[in-house]
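Numbering (the UniProt record's numbering), first residue to last: 1 to 85.
Below you can see the structure in the form of structure tokens.
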């Protein structure tokens, strides 16, 4: 019996991992794509989907607050959703 990957897993691999963190610079919650972050080397700053650059000193690792509407619009969406069933 061959092992096939589920459609949901394929879609999950296509969509970048977005985390929502608040920035002390403008107090909004921004979406950051952390898919390419190397855990062995933490970057000095992160660039949000809207272009907002936040250093680690100004990022609050919480997602409460007013979301950035530009980040909301730019959240990557899967090309196709798996069929229900």
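A virtual CB, placed ideally from N, CA and C, is assigned to each residue, including glycine. These numbers were taken from a predicted model, which means no experiment stands behind them.
When the options are compared against residue i, the one with the closest alpha-carbon
i          : options           : result
residue 18 : 30, 25 and 55     : 30
residue 50 : 24, 69 and 25     : 69
residue 71 : 56, 65 and 52     : 52
residue 34 : 24, 28 and 48     : 48
residue 24 : 61, 75, 73 and 74 : 61
Inter-residue Cα distance where the pair is residue i and residue j
i          : j          : result
residue 16 : residue 77 : 9 Å
residue 63 : residue 46 : 16 Å
residue 59 : residue 26 : 11 Å
residue 42 : residue 21 : 16 Å
residue 44 : residue 54 : 9 Å
Beta carbon proximity, residue i to chain D, threshold 8 Å
i          : result
residue 77 : Of the protein chains in the structure, only one exists, and it is not chain D.
Identity of the residues DSSP links to residue i by a beta bridge
i          : result
residue 52 : In the DSSP output, where bridge partners are listed per residue, residue 52 has none listed.
residue 40 : Residue 40 is not bridged to any residue.
residue 22 : 29 and 60
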